[in-house]
Each structure stands twice: as structure tokens, then as C-alpha cells.
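**Q** With the first letter of the sequence shown counted as 1, position 613 gets the number 613 in our numbering; the numbers rise by one all the way through.
Positions of the beta carbon are idealized from the N, C-alpha and C atoms, including for glycine.
Small disclaimer: the values here were computed from a predicted structure and weren't measured.
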Amino acid sequence: MINGNGLVQSFEQGHAGMKMELGGKGANLAEMTRAGLPVPPGFTITTQACRDYYASGEQLPAGLMDEVNVALRELEKKQNKQFGDAACPLLVSVRSGSVSSMPGMMDTILNVGLNDVTVHGVAEATQNPRFAYDCYRRLIQMFGNVVFGIEPIRFEKLLHEMKTSCGVEHDRDVSAEGWKQLVDRYKELIASKSGKPFPQSADEQLQLAVEAVFRSWNNSRARVYRKVNRIPDEQGTAVNIQAMVFGNKGDDCGTGVVFTRDPSTGEKQLYGEYLTNAQGEDVVAGVRTPLPIAELERDMPDVFASLKHTAERLERHYRDMQDIEFTVEHGTLYLLQTRTGKRSAQAAMKIGVDLVDEGILTKEEAIARIEIGHLDQLLHPAIPADAVLDVLAVGLPASPGAATGEAVFDADTAEEKAKAGRRVILIRSETTPEDIHGVLAAEGVLTSRGGMTSHAAVVARGMGKPCVCGCEEVRIDADTRELRAGETIIREGDSISIDGSTGRVIRGEVPLRAGEMSAELSRLLEWADGIRTLRVAANADNPADAAKAREFGAEGIGLCRTEHMFLAPERLPAVREMILAETKEEREAALVKLLPMQQEDFEGMFRVMDGLPVTIRLLDPPLHEFLPNADELRARAAELAADIRSGGDSSGELRSQAAELETMLRKVRSLHEANPMLGQRGCRLGVLFPEIYDMQTEAVFRAAAVCIREGVHVWPEVMVPLVGHVNELRFLRGRIEHTAENVLGELLSRCPYKVGTMIEVPRAALTAAQIAECADFFSFGTNDLTQMTYGCSRDDAEGKFLTHYVDHKLLPANPFQTLDRDGVGQLIEWALEQGKAVRGDLKTGVCGEHGGDPESIFFCHQAGLDYVSCSPYRIPLARIAAAQARL
Ligand code: ADP
Ligand code: MG
Ligand code: MG
């Protein structure tokens with residue numbers, strides 16, 4: 001039954017498919033209720049109510065509380081207790097719950113309904129005043145924090161003072177009297193800070209709690225989390241109101257969190273933590289370091305057995321690893337939440353493969369589920385096994401990967417330093433969701449308290465940041481900005497390293513080695529290869545990168561930038577000679593020196609890519625990039641002039657140096673361009689100085705000939721950059737073919753080479769039909785194509801106005817990262833259609849950053865391109881994304 005406006009719905013009415021309306025928590029509570037699992041009853045206020053609340057300027061929708069009250073009356077009947085009743089009151093939790101899981105980012109209040117009167121009732125009814133006052137102090141603290149915005153630290157301080165004055169160390173040793181005293185202190189704190197007393201009316205508490213949960217949708221950490229995880233701001237949160245069950249009634253009670261599989265490694269075993277005689281927030285907020293779940297098996301074997309059974313059941317039901325919150329009240333197990341568990345990249349791969357092996361998922365489903373970001377992390381750095389380390393302490397390995405950087409002790413400093421380009425490790429005594437911007441900025445996170453299921457550990461895992469937590473051997477002082485481990489002191493700015501895979505905290509910097517392909521990832525990639533149609537090639541400029549690319553599964557080289565081969569120190573003099581040449585003859589003399597070097601490069605590439613195509617782009621950047629910078633030259637010239645004036649040039653050596661410098665400077669000046677990006681570069685160089693491209697193509701075909709004789713299968717593809725008019729390509733193609741014939745001779749038939757062009761000038765895309773007449777392939781150079789389509793240079797745009805545009809939502813994404821479908825995408829589609837109409841077998845692909853971006857890869861697949869080309873480390877990611885694009 002849906003009440004009134006339908007903004008409230010009991011757990012019995014919903015199901016897992018209703019996440020949009022009920023939020024993830026509410027939908028899953030409903031699903032578990034339906035499945036007959038032991039869930040305390042309750043109801044959900046829909047996300048629609050939250051959207052209405054914001055739409056009307058933070059006003060509760062009319063009639064909402066009436067609907068809530070109707071549902072509350074039903075809950076009272078079920079529980080046989082009344083809300084606000086003096087003798088036997090119903091207590092509820094008021095819990096946030098968004099559509100996409102945002103662990104710990106929003107607020108929840110427990111024990112709502114307690115006041116000075118009902119607390120007596122609870123004490124009497126349970127014969128347990130200690131329990132009653134423990135609940136009451138918790139309510140006031142959460143309420144004070146969430147509703148009145150008073151910092152938790154103020155409550156913690158009073159708690160600490162009370163414990164000191166009572167002479168106890170642990171919460172569990174505090175007496176009823178102690179909690180009672182604390183309740184009074186807390187009430188005074190609220191009255192003095194907010195100017196209002198803690199509300200005694202249960203109904204008022206409930207309404208204020210609901211409003212506060214709505215407001216928590218917009219607290220700063222929730223906003224940051226949404227931004228990072230691309231969760232829409234418009235969704236809003238649901239509110240779950242649920243009868244309380246109590247884990248703090250005694251030693252046969254407790255609360256905890258379990259994952260159905262290990263979220264760090266993916267191992268199939270119950271994994272989690274619990275606390276006896278405690279309420280849920282103690283575990284998830286990381287204020288007390290909990291016990292490993294295995295100890296529950298010893299302490300409460302029956303509860304453990306039914307927890308294990310339930311966990312298996314939930315995993316089969318949801319067909320994925322679950323993260324489950326539970327509470328035990330006098331030996332009875334209750335479930336309070338289940339959701340798909342966040343996991344490390346490594347664990348995600350293992351779980352995916354295992355679920356296929358266990359017959360729970362199909363291969364396609366396993367591939368479709370892969371989070372692309374995880375693949376990035378898998379190839380993440382680790383500490384080499386043989387590194388000599390100064391290990392200071394070992395904490396809990398909360399999120400794998402190693403990180404090294406400067407120690408910082410608060411999130412704001414972490415953010416500042418990271419902005420200044422420094423690598424930092426964020427060190428906190430406990431993990432709090434308030435630190436999210438610092439976690440984001442840091443290379444890794446270290447805490448001395450809190451367990452593996454604490455919110456920040458969960459968040460770090462989700463972001464793929466290495467994290468070590470609960471490292472109790474170290475003492476962290478945020479005021480003095482120091483970490484002490486035994487005799488050692490690490491101060492802010494000192495270098496420190498952490499290993500989130502083993503929990504090690506290490507003094508100083510450590511060498512990191514790149515990540516490796518696991519057996520699970522290899523299997524997933526194989527499955528992906530069976531699904532995808534889009535081919536994946538690599539951008540690689542030297543044989544070593546090409547070898548790495550092949551190891552990662554590259555099906556060829558999509559872009560080999562020859563200019564990188566020119567920049568090696570031993571080659572630069574010959575390159576400069578070529579540029580400084582005044583005549584064609586001089587230039588050719590310099591090119592003759594470069595030829596064998598280029599040939600050697602290409603031989604290396606062909607050998608590594610035996611049997612696969614290698615696309616070689618002829619020289620692209622403006623020549624001045626190979627010359628020294630004008631300011632440096634001028635400074636050096638001034639120095640020389642001064643030396644000469646002071647009479648230090650008896651041999652005339654300085655004078656001849658000065659003359660050389662002058663020539664160089666003249667050339668630099670003459671090559672100066674106002675807009676080098678749009679100047680004399682790419683094929684324009686090839687047209688004006690054909691001998692440069694002639695040398696490069698000669699090197700390509702000589703290398704091909706050598707390799708063919710060795711038995712290597714070579715598939716060279718010569719690519720002409722920056723073509724805007726077909727005549728440019730026609731002219732250059734003629735020369736390339738001529739060179740090929742001359743060099744290859746009778747080997748021509750064994751060298752199936754192609755000549756093609758990059759499509760990176762909008763005019764080339766628009767006139768693709770003409771250009772295709774001279775091209776065997778099109779490679780969309782989407783970096784330049786985006787620059788020229790948007791009319792903005794990437795170097796000037798990123799970090800400046802583009803960032804502003806993306807932050808202010810003028811653009812959905814940075815078009816240099818994610819291909820702009822509407823603009824650049826349209827040009828690509830047009831060029832493809834036009835080009836293919838002229839040449840049915842035209843080969844087409846994308847090179848440039850976009851080739852390694854999942855969303856852009858989806859576009860490439862849909863547009864019907866043959867391949868994408870990306871950097872070697874992104875190849876596994878591109879293989880998976882290409883498969884996902886087909887699913
Ligand atoms: P979060 O999203 O921050 O985890 P939750 O709403 O899940 O917030 O609640 C915080 C803690 O309180 C969890 O440990 C949860 O299990 C516990 N909790 C919530 N509702 C109840 C309840 N009705 N009875 C007992 N514990 C509860
Ligand atoms: Mg919470
Ligand atoms: Mg929770």
C-alpha cells in the first residue's frame with residue numbers, strides 16, 4: 001500500500017529494482033525483507049521527497065510528515081511498541097540512502113525517540129540502565145552533530161573527560177552513572193552551541209532528523225564524492241526509518257560488517273570486522289578498532305554460522321560480492337544493509353573470473369561488469385621484492401598498491417601541496433569522511449586507528465589509492481604534525497612510503513616498479529578479445545615500448561612518431577645541421593647521416609611487430625622544436641661577447657663560436673612563428689623540403705628490406721600528417737611510391753605497404769571523399785582535430801579555461817580526454833562515410849589520447865572505425881572497453 005502522495009513506502013512494498021525511488025539501501029532492505037531475511041521492519045521516504053525538498057527551497061513536502069506518521073503507526077503495531085511512549089518506547093534509526101552508494105558521505109541518526117522520560121522506560125523495561133543511557137548519549141551526540149552541526153570532536157572531548165573523571169579507559173567499562181553524566185554534559189553542549197535545548201519530543205526529533213538527512217545530501221564531502229564518482233547532483237537521497245535493534249545490550253550482542261569475499265584480494269572467504277557490545281557507527285566510523293570476523297566464530301559460533309549462510313545466500317541472490325551490515329541482539333542476527341561490495345582492482349578481476357567459474361556469471365557479464373578504472377590501477381606501482389626498506393610499522397593492508405611522498409597531516413595541506421605538483425601521503429589518526437578531498441589529492445593514505453571497513457578505507461579502495469589503516473604502532477599528532485614510530489619521528493614534509501598491499505609503513509622514498517598482468521586479468525582479456533570487433537594498436541616510438549605494447553596485446557603500432565627518434569642527444573647535431581642547411585645539397589648531406597639511424601629504429605620496430613602493421617608518421621613538429629631556445633642563445637652570445645671584450649680571445653676560438661651562435665640565432669628567428677601549431681609543420685614541411693620525407697621513407701623501406709630478408713613479416717604504413725588538401729597528399733604519395741619502388745626492387749611484392757594520412761585538419765575531414773582517392777587509410781588524429789575544431793590550443797586551454805568550463809558544467813567533459821561526439825565526432829562520422837564511399841577497403845582508426853579513453857572507445861566502435869591506438873599501458877583497458885562497447 002502506498003500512502004497519500006506516495007512519498008513513503010514500507011520495506012514490504014519495495015524491491016531491489018527500485019533504487020531510483022528508494023535509494024540503494026532502501027531498495028535492498030526491501031529486497032531482503034521479501035526474501036524473508038531477518039531485517040528490522042521499517043519504511044522509506046523516497047528520493048522524490050528529497051528532490052521536492054530542494055525544489056521548494058529546503059521545505060519538507062506538504063503532507064510528508066502525515067504520511068510518515070501513518071507508516072509509523074503501522075511500524076508500532078508490528079513492534080508492539082509506541083514511538084514516544086514512556087514505558088516501552090519504539091526507537092528508530094533515520095538513515096540516509098542514495099541511489100548510488102556513497103559510503104559514509106551522508107548522515108544517519110540512531111536511537112531516535114529517546115528523551116529524559118523514555119530513557120527511564122527503556123532502562124526499566126530492559127532492566128539495563130547502562131544500555132539505556134549508552135543509547136541516549138549516542139542519540140544526543142549524533143543529533144548534535146547532524147542536526148545542529150556541532151563538531152564531533154567536542155563530544156569526543158567530553159566523553160574523554162568523563163572517562164578520566166570516572167577512572168575508566170574503555171567505553172565498555174563505563175557505568176550507567178557515567179553515561180548519565182555524559183548525557184547531561186552533552187545536553188549542555190547543545191544548548192550552549194545551538195541556543196536551543198535538545199528536543200524532548202520524539203516527533204520533533206524525527207522531523208528534524210529527516211530534514212537533516214535531506215540536507216546531508218549537500219554537505220561538502222558528499223558533493224566532492226559525487227563529483228569524483230560522477231554521480232548526478234539531482235538524484236537526492238532517500239530516508240529509511242527503521243526499528244532499532246541493539247548490539248550494545250551486553251556481551252552476547254554486537255555489530256559488524258562483512259564482505260562475502262575479501263575486498264582486497266578477492267579470495268572467497270568471509271571477510272570483515274565486528275565489535276561486541278557496540279552500535280553500528282562504532283565500526284564504520286573507525287572510532288574503535290574492531291576484531292576480525294574470524295573471532296566471531298569463536299565467540300558466537302551459532303551467529304557466525306548463520307551469518308555465513310546468509311552471506312552465501314545474498315551473494316547468490318545478487319550474483320555479486322556483497323558488503324553486509326549486521327547486528328546481533330542477545331544472540332539473534334539481524335541484517336541492516338547489503339550492497340554490492342566495493343573492491344580493489346585486483347579483487348574485482350579475481351571475483352569476476354571466479355563467479356564465471358562458479359557458474360554464477362557468463363563471460364559477457366563478467367566483462368560488462370569490469371570497471372575500467374580498475375584496469376588502470378592493476379598496472380599500478382608496487383615495491384620491488386628485493387628493495388631494502390626501513391620499515392617503521394605495519395598496519396592493516398586496506399587498499400593495495402604502493403606510494404611514496406611527503407608526509408602531510410591534514411587534508412587541506414594535502415590538497416594544497418598536491419596542487420603545487422608535490423606527491424604527498426596523507427597521515428591521519430583516524431579515517432573520517434571529511435578527509436575526502438585530501439584522500440583525492442594524496443598518493444596514499446595512512447591512519448593509526450580504524451579498520452579495513454572504515455569509510456576512508458572504503459573510499460581509498462574505490463579510488464585505487466594505496467591505503468594502510470589501523471596502524472596502532474605509530475602515534476600521530478596532527479597538532480605538532482608528527483608521526484612517531486618508536487624512536488623515529490617523521491615530520492611534515494619528510495618522505496615516507498606506504499605499501500597498501502602488505503600494510504607496511506616505510507621511512508623515506510622507495511623505488512616503485514610498474515604493475516603486472518595477473519592470471520585473472522589475462523583470462524578476462526582473452527574473453528574480451530573473443531567479443532570485441534574493434535582492433536587495438538599501440539602508440540610506440542621505440543622498440544622497447546613496442547615490445548611492452550605487444551606484451552599487453554597490441555595488434556600493431558598505430559602511431560610511431562618519428563620526431564622522438566630525432567631527439568636523442570647523439571642525433572640532435574645531425575638534425576640541427578639539417579635544419580641549418582642553407583642549400584639543398586647541405587641538407588642532403590646532413591640527411592645522409594640521419595638515414596642509417598632512422599633505418600635502425602624501424603628495423604627494431606618491424607622485428608618486434610613481426611606480422612603486424614606498423615604505422616610510421618613522417619616528421620610532424622615545426623623545425624624550431626629541434627633548435628635551442630632563443631633566450632638561451634642570446635644569453636650565451638652575451639657571455640661570449642663579454643669574454644671577447646675582456647681580451648680572453650687570443651686564439652680567435654671565441655669569435656668563431658660567437659659567429660656560429662649568431663647563425664643559429666638567425667635561423668631560430670627566421671623559424672619563429674606566431675602560431676606554431678598552425679604553422680609550417682606536418683606535410684607542409686614535407687612539401688617544402690621533400691628531401692626530409694624522402695630520407696624517412698627510404699629508411700622505412702630499407703629497414704623493411706633488411707627485415708624481409710631475415711624472414712620477418714613487415715606491414716609498413718607510411719602516414720602523412722596534417723593534410724588539409726588532397727594535392728598535398730597526392731604530391732607526397734607520389735614520392736613515397738617512387739622511393740618504395742627504388743629501394744625495394746624485387747622485394748616490392750613481399751612488402752604490402754600502405755600510404756595514408758592523418759585526418760586532423762577539419763578541412764581534411766570535410767573533403768574526405770577527395771582525400772580518400774590518394775589514401776589507403778585514415779588515422780584520425782583526434783588531438784589536433786579537437787584543437788582545430790574547437791579552435792583552441794590544448795596547451796593554453798587545459799588547466800585554464802577548459803577546467804573552468806568543466807567545473808561550471810559548460811562542457812560535460814574535457815574534450816581532449818573524452819572525444820566530443822557532437823562536434824569532432826560528427827566530423828569523424830562524415831569523413832568515414834565519404835571516405836568509404838570512395839574506397840570500400842579504406843582502413844580507419846584513431847590515434848591520440850582518445851584511443852585510450854573508454855567513452856571515446858565506445859564512440860569509435862559505434863562509428864565503425866577499424867581500430868584505436870593508445871599508449872602501451874592503456875592497451876588492456878582498451879581491449880576491455882572495446883568488448884564492453886559490443887555488449
Ligand atoms: P552509513 O550509510 O553511514 O553506513 P547507515 O544508515 O548504514 O549509515 O547506519 C550507520 C550504522 O548504524 C550502521 O552500522 C548500521 O548498521 C547501524 N544501524 C542503522 N540502522 C540501525 C538499526 N535500525 N538498528 C541497529 N543499527 C542500525
Ligand atoms: Mg553514516
Ligand atoms: Mg551503512
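Which of the three DSSP states, helix, strand or coil, is assigned to residue 271?
**A** Reading the sequence shown from its first residue, position 271 is the one you call residue 271. Three-state result, residue 271: strand.
**Q** The alpha helix (DSSP H) that contains residue 790, what's its start and end?
**A** Along the sequence shown, read from residue 1 onward, the residue named residue 790 stands at position 790. Here the alpha helix (DSSP H) through residue 790 covers 782–790.
**Q** To test your reading of the DSSP string, which unbroken alpha helix (DSSP H) runs of 4 or more residues are found completely within the region 181–222?
**A** 202–216
**Q** Under the DSSP definition of a beta bridge, which residues are partnered with residue 43?
**A** Residue 43 sits at position 43 when you count from the first residue of the sequence shown. 10 and 241, per the DSSP bridge assignment.
**Q** Do three or more CB pairs link the region 605–612 to the region 552–566 at distances below 8 Å?
**A** The region 605–612 vs the region 552–566: in contact.
**Q** Relative to ligand 3, is the shortest distance from any of its heavy atoms to the C-beta of residue 281 smaller than 6 Å?
**A** The sequence position of residue 281 within the sequence shown is 281, counting from 1. Taking 6 Å as the cut-off, the C-beta of residue 281 does not count as close to any heavy atom of ligand 3.
**Q** Grouping DSSP H, G and I as helix and E and B as strand, with all else coil, what is residue 806?
**A** Counted from its first residue, the sequence shown places residue 806 at position 806. Note: residue 806 maps to helix in three-state DSSP.
**Q** What residue range is occupied by the uninterrupted alpha helix (DSSP H) comprising residue 530?
**A** Looking up residue 530 in the sequence shown gives position 530. Residues 519–531.
**Q** Check whether the region 269–279 touches the region 347–358, taking contact to mean three or more Cβ pairs, one atom from each stretch, closer than 8 Å.
**A** no
**Q** Checking the sheet assignment: what are the DSSP bridge partners for residue 469?
**A** As a first step, residue 469 is located in the sequence shown; it is residue number 469 there, counting from the start. Residue 469 is bridged to 396.
**Q** Assign residue 497 to one of two classes, buried (16 or more other C-beta atoms within 10 Å of its C-beta) or exposed (fewer than that).
**A** As a position in the sequence shown, residue 497 is number 497, starting the count at 1. Classification of residue 497: buried, given that the 10 Å Cβ count is 16 or more.
**Q** Determine the contact status of residue 618 and residue 696, defining contact as a CB-CB distance below 7 Å.
**A** Taking the sequence shown and counting its residues from 1, one reaches residue 618 at position 618. Taking the sequence shown and counting its residues from 1, one reaches residue 696 at position 696. A Cβ-Cβ contact shorter than 7 Å links residue 618 with residue 696.
**Q** Measure the alpha-carbon distance for residue 570 versus residue 663 and round it to whole angstroms.
**A** For the purposes of this step, residue 570 is identified with residue 570 of the sequence shown, where counting begins at 1. For the purposes of this step, residue 663 is identified with residue 663 of the sequence shown, where counting begins at 1. Whole-angstrom Cα-Cα distance: 21 Å.
**Q** Shortest alpha-carbon distance to residue 509 belongs to which of 405, 237, 549 and 465?
**A** For this step, residue 509 is matched to residue 509 along the sequence shown. The option with the nearest alpha carbon to residue 509 is 405.
**Q** Cα separation between residue 742 and residue 780?
**A** Taking the sequence shown and counting its residues from 1, one reaches residue 742 at position 742. Taking the sequence shown and counting its residues from 1, one reaches residue 780 at position 780. A direct Cα-to-Cα measurement between residue 742 and residue 780 gives close to 30 Å.
**Q** May I ask whether a heavy atom of ligand 3 can be found less than 6 Å away from the beta carbon of residue 337?
**A** For the purposes of this step, residue 337 is taken as residue 337 along the sequence shown, with counting starting at 1. Taking non-hydrogen atoms of ligand 3 into account, the C-beta of residue 337 is found less than 6 Å away from one of them.
**Q** Determine the contact status of residue 720 and residue 729, defining contact as a CB-CB distance below 7 Å.
**A** Translated into positions along the sequence shown, residue 720 becomes position 720. Translated into positions along the sequence shown, residue 729 becomes position 729. In contact: residue 720 and residue 729 (Cβ atoms closer than 7 Å).
**Q** Alpha carbons only, please: which of 35, 607, 449 and 430 is nearest the one belonging to residue 713?
**A** Here residue 713 refers to the residue found at position 713 of the sequence shown. When only C-alpha atoms are compared, the closest one is 607.
**Q** Using only the alpha-carbon positions, how far apart do residue 546 and residue 812 sit?
**A** As a working mapping, residue 546 is identified with position 546 in the sequence shown. As a working mapping, residue 812 is identified with position 812 in the sequence shown. About 34 Å.
**Q** Any idea which residues DSSP pairs residue 425 with across the strands?
**A** The count along the sequence shown starts at 1 and reaches residue 425 at position 425. Beta-bridge pairing links residue 425 to 407 and 444.
**Q** With 16 other CB atoms within 10 Å as the buried threshold, where does residue 539 fall?
**A** Numbered from 1 along the sequence shown, position 539 holds the residue referred to as residue 539. Buried, because 16 or more other Cβ atoms sit within 10 Å of the Cβ of residue 539.
**Q** What does DSSP give as the partner residue(s) for residue 847 in the beta ladder?
**A** Stepping through the sequence shown from its first residue, residue 847 is reached at position 847. DSSP, once it has assigned bridges, lists 781 as partnering residue 847.
**Q** For the putative contact between residue 887 and residue 364, defined by C-beta atoms under 8 Å, what is the C-beta separation to the nearest angstrom?
**A** For the purposes of this step, residue 887 is taken as residue 887 along the sequence shown, with counting starting at 1. For the purposes of this step, residue 364 is taken as residue 364 along the sequence shown, with counting starting at 1. With a Cβ gap of about 6 Å, residue 887 and residue 364 count as contacting.
**Q** What's the gap between the Cα of residue 673 and the Cα of residue 861?
**A** Position 673 of the sequence shown holds residue 673. Position 861 of the sequence shown holds residue 861. Cα-Cα distance, rounded: 38 Å.
**Q** In chain order, which alpha helix (DSSP H) runs of at least 4 residues are fully inside the region 541–595?
**A** 543–551, 562–566 and 572–580
**Q** Residue 549 to residue 513, Cα distance in whole Å?
**A** Stepping through the sequence shown from its first residue, residue 549 is reached at position 549. Stepping through the sequence shown from its first residue, residue 513 is reached at position 513. Spanning the two alpha carbons is a distance of roughly 17 Å.
**Q** Can you look up residue 370 in the DSSP assignment and give me helix, strand or coil?
**A** Residue 370 sits at position 370 when you count from the first residue of the sequence shown. Three-state result, residue 370: coil.
**Q** Going by DSSP in three states, residue 893 sits in which element: helix, strand or coil?
**A** As shown, the chain starts at 1 and ends at 887. That puts residue 893 outside it, with no answer to give.
**Q** Ends of the beta strand (DSSP E) at residue 754?
**A** Residue 754 sits at position 754 when you count from the first residue of the sequence shown. 754–759 is the extent of the beta strand (DSSP E) around residue 754.
**Q** What distance in whole Å lies between the Cβ atoms of residue 470 and residue 502, which are believed to be in contact at a cut-off of 8 Å?
**A** Along the sequence shown, read from residue 1 onward, the residue named residue 502 stands at position 502. Along the sequence shown, read from residue 1 onward, the residue named residue 470 stands at position 470. That belief does not hold up - the Cβ atoms of residue 502 and residue 470 are roughly 14 Å apart, past 8 Å.
**Q** Of the choices 452, 649, 483 and 227, whose alpha-carbon is the least far from that of residue 808?
**A** As a working mapping, residue 808 is identified with position 808 in the sequence shown. Measuring from the Cα of residue 808, the nearest candidate turns out to be 227.
**Q** Output the boundary residues of the alpha helix (DSSP H) element that contains residue 665.
**A** The residue given as residue 665 occupies position 665 in the sequence shown. Note, residue 665: alpha helix (DSSP H), 653–671.
**Q** Consider the C-beta atom of residue 295 and the heavy atoms of ligand 3; say whether any pair is separated by less than 6 Å.
**A** The count along the sequence shown starts at 1 and reaches residue 295 at position 295. Not so, every heavy atom of ligand 3 lies at least 6 Å from the Cβ.
**Q** Less than 6 Å between the CB of residue 242 and some heavy atom of ligand 1, yes or no?
**A** Sequence index remark: in the sequence shown, residue 242 carries index 242 (1-based). Under cutoff, so the answer is yes.
**Q** Inspect the CB distances between the region 435–450 and the region 403–419 and report whether three or more fall short of 8 Å.
**A** Three or more beta-carbon pairs drawn from the region 435–450 and the region 403–419 are found closer than 8 Å, and the two stretches are therefore classed as touching.
**Q** Leaving out five residues before and five after residue 836 in sequence, what residues of the same chain have Cβ atoms less than 6 Å from its Cβ?
**A** On the sequence shown, position 836 is the one that residue 836 refers to. Excluding residues up to 5 positions away in sequence, 842 lie with their Cβ nearer than 6 Å to the Cβ of residue 836 in the same chain.
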